[in-house]
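Participant:
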Amino acid sequence: MNTQPPLLFALDLTGTFAFGLNGALTALRATRLDVVGVVTLGMLTALGGGVIRDVLIDALPPATFLYWPYFALAIGGALIAFVLNRWLGRLTMPLTVLDAIGLSVFAVIGASKAVAFGLGLAPAALLGVITAVGGGTIRDALVGQVPTVLRSELYAIPALVAAVLTVLAIRFDAYGLPVALGAAAVCFVIRMLGVRFRLNAPRPPFASP
Amino acid sequence: MNTQPPLLFALDLTGTFAFGLNGALTALRATRLDVVGVVTLGMLTALGGGVIRDVLIDALPPATFLYWPYFALAIGGALIAFVLNRWLGRLTMPLTVLDAIGLSVFAVIGASKAVAFGLGLAPAALLGVITAVGGGTIRDALVGQVPTVLRSELYAIPALVAAVLTVLAIRFDAYGLPVALGAAAVCFVIRMLGVRFRLNAPRPPFASP
Amino acid sequence: MNTQPPLLFALDLTGTFAFGLNGALTALRATRLDVVGVVTLGMLTALGGGVIRDVLIDALPPATFLYWPYFALAIGGALIAFVLNRWLGRLTMPLTVLDAIGLSVFAVIGASKAVAFGLGLAPAALLGVITAVGGGTIRDALVGQVPTVLRSELYAIPALVAAVLTVLAIRFDAYGLPVALGAAAVCFVIRMLGVRFRLNAPRPPFASP
Numbered sequence: 001m002n003t004q005p006p007l008l009f010a011l012d013l014t015g016t017f018a019f020g021l022n023g024a025l026t027a028l029r030a031t032r033l034d035v036v037g038v039v040t041l042g043m044l045t046a047l048g049g050g051v052i053r054d055v056l057i058d059a060l061p062p063a064t065f066l067y068w069p070y071f072a073l074a075i076g077g078a079l080i081a082f083v084l085n086r087w088l089g090r091l092t093m094p095l096t097v098l099d100a101i102g103l104s105v106f107a108v109i110g111a112s113k114a115v116a117f118g119l120g121l122a123p124a125a126l127l128g129v130i131t132a133v134g135g136g137t138i139r140d141a142l143v144g145q146v147p148t149v150l151r152s153e154l155y156a157i158p159a160l161v162a163a164v165l166t167v168l169a170i171r172f173d174a175y176g177l178p179v180a181l182g183a184a185a186v187c188f189v190i191r192m193l194g195v196r197f198r199l200n201a202p203r204p205p206f207a208s209p
Numbered sequence: 001m002n003t004q005p006p007l008l009f010a011l012d013l014t015g016t017f018a019f020g021l022n023g024a025l026t027a028l029r030a031t032r033l034d035v036v037g038v039v040t041l042g043m044l045t046a047l048g049g050g051v052i053r054d055v056l057i058d059a060l061p062p063a064t065f066l067y068w069p070y071f072a073l074a075i076g077g078a079l080i081a082f083v084l085n086r087w088l089g090r091l092t093m094p095l096t097v098l099d100a101i102g103l104s105v106f107a108v109i110g111a112s113k114a115v116a117f118g119l120g121l122a123p124a125a126l127l128g129v130i131t132a133v134g135g136g137t138i139r140d141a142l143v144g145q146v147p148t149v150l151r152s153e154l155y156a157i158p159a160l161v162a163a164v165l166t167v168l169a170i171r172f173d174a175y176g177l178p179v180a181l182g183a184a185a186v187c188f189v190i191r192m193l194g195v196r197f198r199l200n201a202p203r204p205p206f207a208s209p
Numbered sequence: 001m002n003t004q005p006p007l008l009f010a011l012d013l014t015g016t017f018a019f020g021l022n023g024a025l026t027a028l029r030a031t032r033l034d035v036v037g038v039v040t041l042g043m044l045t046a047l048g049g050g051v052i053r054d055v056l057i058d059a060l061p062p063a064t065f066l067y068w069p070y071f072a073l074a075i076g077g078a079l080i081a082f083v084l085n086r087w088l089g090r091l092t093m094p095l096t097v098l099d100a101i102g103l104s105v106f107a108v109i110g111a112s113k114a115v116a117f118g119l120g121l122a123p124a125a126l127l128g129v130i131t132a133v134g135g136g137t138i139r140d141a142l143v144g145q146v147p148t149v150l151r152s153e154l155y156a157i158p159a160l161v162a163a164v165l166t167v168l169a170i171r172f173d174a175y176g177l178p179v180a181l182g183a184a185a186v187c188f189v190i191r192m193l194g195v196r197f198r199l200n201a202p203r204p205p206f207a208s209p
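Chains as they are written, first to last, in UniProt numbering: chain A, 1 to 209; chain B, 1 to 209; chain C, 1 to 209.
(1) So, under 8 angstroms CB-CB, G134 (chain A) and G48 (chain A) are touching, yes? Tell me the CB distance rounded to an integer number of Å.
(2) So the alpha helix (DSSP H) D54 (chain C) belongs to, where does it begin and stop?
(3) If you measure between the beta carbons of L21 (chain A) and A81 (chain A), is that distance less than 8 angstroms?
(4) Between R151 (chain A) and chain B, is there a C-beta pair that is closer than 8 angstroms?
(5) Mind checking if T45 (chain C) is an interface residue toward chain B, Cβ cutoff 8 angstroms exclusive?
(6) For P61 (chain B), does the three-state DSSP call read helix, strand or coil?
(7) With a threshold of 8 angstroms between beta-carbons, can D54 (chain B) be considered close to chain C, or not?
(8) Output the distance between the C-alpha atoms of D140 (chain B) and A27 (chain B), rounded to the nearest integer angstrom.
(9) Please say whether L79 (chain C) and L150 (chain B) have beta carbons closer to each other than 8 angstroms?
(10) Between G144 (chain A) and the rest of its own chain, which residues show a CB-CB distance below 8 angstroms, the 5 nearest in sequence each way excluded?
(11) Would you mind stating whether A124 (chain A) and V167 (chain A) have Cβ atoms separated by less than 8 angstroms?
(12) How is L95 (chain A) classed by DSSP in three states: helix, strand or coil?
(13) List, from N- to C-terminal side, the alpha helix (DSSP H) runs of 4 residues or more that fit wholly inside the UniProt domain "Glycine transporter" (97-169) of chain B.
(14) Run the CB neighbour count on P158 (chain A), radius 10 Å, all protein chains shown included, and call it buried at 16 or more, exposed below.
(15) Please list, in chain order, all residues of the same chain as L199 (chain A) whose beta carbon is under 6 angstroms from its beta carbon, the five residues on each side excluded.
(16) Using a C-beta cutoff of 8 angstroms, does A180 (chain B) count as contacting chain C?
(17) Are at least three pairs of beta-carbons, each pair with one atom in the region 99-116 of chain B and one in the region 175-188 of chain B, less than 8 angstroms apart?
(18) Measuring CA to CA, which of B:V164, B:A156, B:I190 and B:I170 is closest to V39 (chain C)?
(19) Use the C-beta contact count for T92 (chain B): other C-beta atoms within 10 angstroms, 16 or more gives buried, fewer gives exposed.
(20) Can you check whether the C-beta of T31 (chain C) is within less than 8 angstroms of a C-beta belonging to chain B?
(21) Look at the alpha carbon of V195 (chain A) and the alpha carbon of G194 (chain B), and state the distance between them as a whole number of angstroms.
(22) Assign L126 (chain B) to one of two classes, buried (16 or more other C-beta atoms within 10 Å of its C-beta) or exposed (fewer than that).
(23) Residues of chain A with CB closer than 9 angstroms to the CB of L142 (chain B), please, in chain order.
(24) Check S208 (chain B) in the structure and name its three-state DSSP category.
(25) Can you check which of these residues, B:A163, B:G76, B:V146 and B:K113, is closest to F9 (chain B) by C-alpha distance?
(26) Starting from the beta carbon of G37 (chain B), find every residue of chain A whose beta carbon is closer than 7 angstroms, and list them in chain order.
(27) DSSP three-state call for P202 (chain B): helix, strand or coil?
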């Protein structure tokens with residue numbers, strides 16, 4: 001995965017750290033855990049989506065297992081969450097921003113990697129979304145919560161927008177660092193607007209409250 | 001997967017649609033979801049079992065990612081469930097029938113594909129069952145319910161019967177469309193009898209109620 | 001996987017049986033299940049960790065699907081748990097010992113297999129832990145419990161110690177049956193001390209009780 005342009009690669013590492021930190025904090029809020037549980041869930045959040053993608057596109061062993069900084073950043077983020085749990089719990093907005101960076105970068109990188117491994121455009125876009133939301137979904141399932149992505153504020157939708165923009169750009173030979181950053185920025189802005197204005201995807205008509 | 005005989009292929013697509021619809025309805029009954037959650041869970045129900053099978057037999061990327069009608073039918077079924085949720089909730093029997101068709105066809109196709117990829121007969125039969133029940137199991141785990149397959153009416157057993165019949169027929173060079181349909185029909189009948197007479201697999205002796 | 005030395009192979013089969021038995025009993029304690037559910041969860045507990053490892057190191061189809069005694073022992077263990085549920089529930093200590101044997105052997109074999117498939121030392125150690133605890137984690141997620149490994153007594157840590165000893169021995173060309181048994185014994189002893197003295201991994205500072 002370090003064949004990405006350096007800036008994108010740096011953002012990918014930032015996203016890994018942010019997901020490790022945020023994943024661990026979310027897990028700590030949901031249930032009692034010891035340090036093993038916190039680190040495990042931080043790693044699953046940060047690395048799970050990319051591992052699922054690599055399994056499905058047959059890029060095995062997963063990139064995560066071949067390049068140690070991913071592990072180090074995911075574990076580091078989780079350990080910081082473990083130690084500074086109390087204090088970080090109050091810092092909602094910076095954590096949401098970091099998480100949105102991870103979401104945006106993972107969607108773009110995941111979609112472009114899937115295309116590079118020969119997937120079609122629609123499946124590649126889906127794999128971008130899986131990269132972005134897969135890890136958090138596993139974490140929520142393990143701590144016994146209905147995954148956030150299934151029920152609240154815009155989360156999968158901005159990832160899907162970024163992934164679709166990415167595969168379209170690749171289709172029309174326009175993909176490069178500016179497009180990748182642009183697609184990630186669109187995802188980031190939609191996500192932050194969703195958080196700011198508590199936007200939700202539509203609910204079923206007549207659903208009981 | 002479109003190397004199957006046309007009738008079986010049509011049933012496979014029917015099963016995909018039925019699982020997408022039914023999976024989304026089941027998820028809606030279990031928890032609050034937005035449209036992203038409903039479509040995600042419909043897709044996971046319809047496509048999850050086949051994806052797990054393709055990962056385990058090393059048929060990657062999974063067939064689902066290579067042939068768009070699977071996606072379209074799974075998403076279409078889930079969207080119909082989302083819009084017509086209230087009204088479809090009353091139509092229990094047609095949905096159970098559609099679901100039983102999916103179960104039957106997935107078990108037969110899953111087992112035969114596993115044999116085609118070189119698996120032994122017993123593992124191939126197991127992979128047939130995994131194809132049939134894997135998607136629903138993931139859905140139930142994500143919405144926080146003990147998977148139906150683990151605790152109620154005959155569900156995995158008819159799938160196992162169909163998968164075993166399939167691998168035996170392949171072993172004795174008797175596999176073809178008639179046998180495939182016959183094996184699926186046996187599964188379908190056992191499943192519907194199970195629903196009709198509320199048959200359950202045996203419970204542990206002395207288990208507390 | 002039957003390229004392991006005979007004694008290690010025998011322990012691997014013992015561990016598979018123990019995990020099948022223990023996994024089924026744990027599942028029965030957590031929720032109501034029929035015989036299909038008990039056997040399914042016993043199999044997932046016994047075989048799930050190894051299957052995840054084989055998927056991630058691209059050793060497909062998984063060893064479990066190629067060599068029937070694994071299936072037979074996992075299913076046999078689960079069926080014994082199903083029939084003797086009441087009676088076995090009282091035998092806490094022998095079951096804990098059997099489970100610790102499985103944990104120890106799976107960690108060592110998992111790590112050594114990952115190295116044999118070309119993984120680096122740190123990822124291989126992680127895959128040893130995944131082999132040892134993956135199956136139980138899936139089982140707990142399916143029956144709606146926060147996985148034991150995430151929150152109680154030393155469980156992942158002894159597996160990690162054994163896996164690290166294994167990869168270090170391989171690194172320094174000292175791996176063989178004595179080292180494998182030694183690493184497994186270290187894991188076993190730490191695990192049993194953890195059970196005996198109710199040791200837990202550290203909790204987050206200031207966490208609410």
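Beta carbons are placed, not taken as given, at the ideal position from N, Cα and C, and that holds for glycine.
Note that the structure is predicted; figures quoted are calculated from it, not measured.
Facilitator: On the basis of the data shown:
(1) That pair is a contact at about 5 angstroms.
(2) Counting along the chain, the alpha helix (DSSP H) containing D54 (chain C) begins and ends at V35 to L56.
(3) Contact: yes.
(4) Closer than 8 angstroms: yes.
(5) Contact of T45 (chain C) with chain B is not assigned, every C-beta pair being separated by 8 angstroms or more.
(6) Correct three-state label for P61 (chain B): coil.
(7) No, its Cβ sits nowhere closer than 8 angstroms to a Cβ of chain C.
(8) Cα-Cα distance, rounded: 8 angstroms.
(9) Taking 8 angstroms as the Cβ cut-off, L150 (chain B) and L79 (chain C) do not qualify as a contacting pair.
(10) Its chain contains A30 and T31 as the residues whose beta carbon lies nearer than 8 angstroms to that of G144 (chain A), once the 5 sequence neighbours on both sides are disregarded; these appear in chain order.
(11) At a Cβ-Cβ threshold of 8 angstroms, A124 (chain A) and V167 (chain A) count as neighbours.
(12) In this structure, L95 (chain A) counts as helix in the three-state DSSP scheme.
(13) 121-142, all fully within the UniProt domain "Glycine transporter" (97-169) of chain B.
(14) By the 10 Å Cβ count, P158 (chain A) comes out buried.
(15) If we look at L199 (chain A) and ignore the five residues flanking it on each side, its Cβ neighbours are L154.
(16) So, not an interface residue.
(17) Pairwise C-beta distances place the region 99-116 of chain B in contact with the region 175-188 of chain B, as three or more of them are shorter than 8 angstroms.
(18) Distance check between V39 (chain C) and each of B:V164, B:A156, B:I190 and B:I170 places B:A156 closest, using alpha-carbon atoms only.
(19) Exposed, because fewer than 16 other Cβ atoms sit within 10 Å of the Cβ of T92 (chain B).
(20) Closer than 8 angstroms to some Cβ of chain B, the Cβ of T31 (chain C) qualifies, so yes.
(21) The alpha-carbon atoms of V195 (chain A) and G194 (chain B) are separated by roughly 47 angstroms.
(22) Classification of L126 (chain B): buried, given that the 10 Å Cβ count is 16 or more.
(23) Chain A residues near L142 (chain B): T137, D140, A141, V146, P147 and L150.
(24) Note that S208 (chain B) scores a pLDDT of 46, beneath 50, so its modelled location is shaky and nothing firm can be said.
(25) Nearest option by C-alpha distance: B:K113.
(26) Going along chain A in sequence order, the residues near G37 (chain B) (Cβ under 7 angstroms) are L150 and R151.
(27) The answer is coil: DSSP assigns P202 (chain B) none of H, G, I, E or B.
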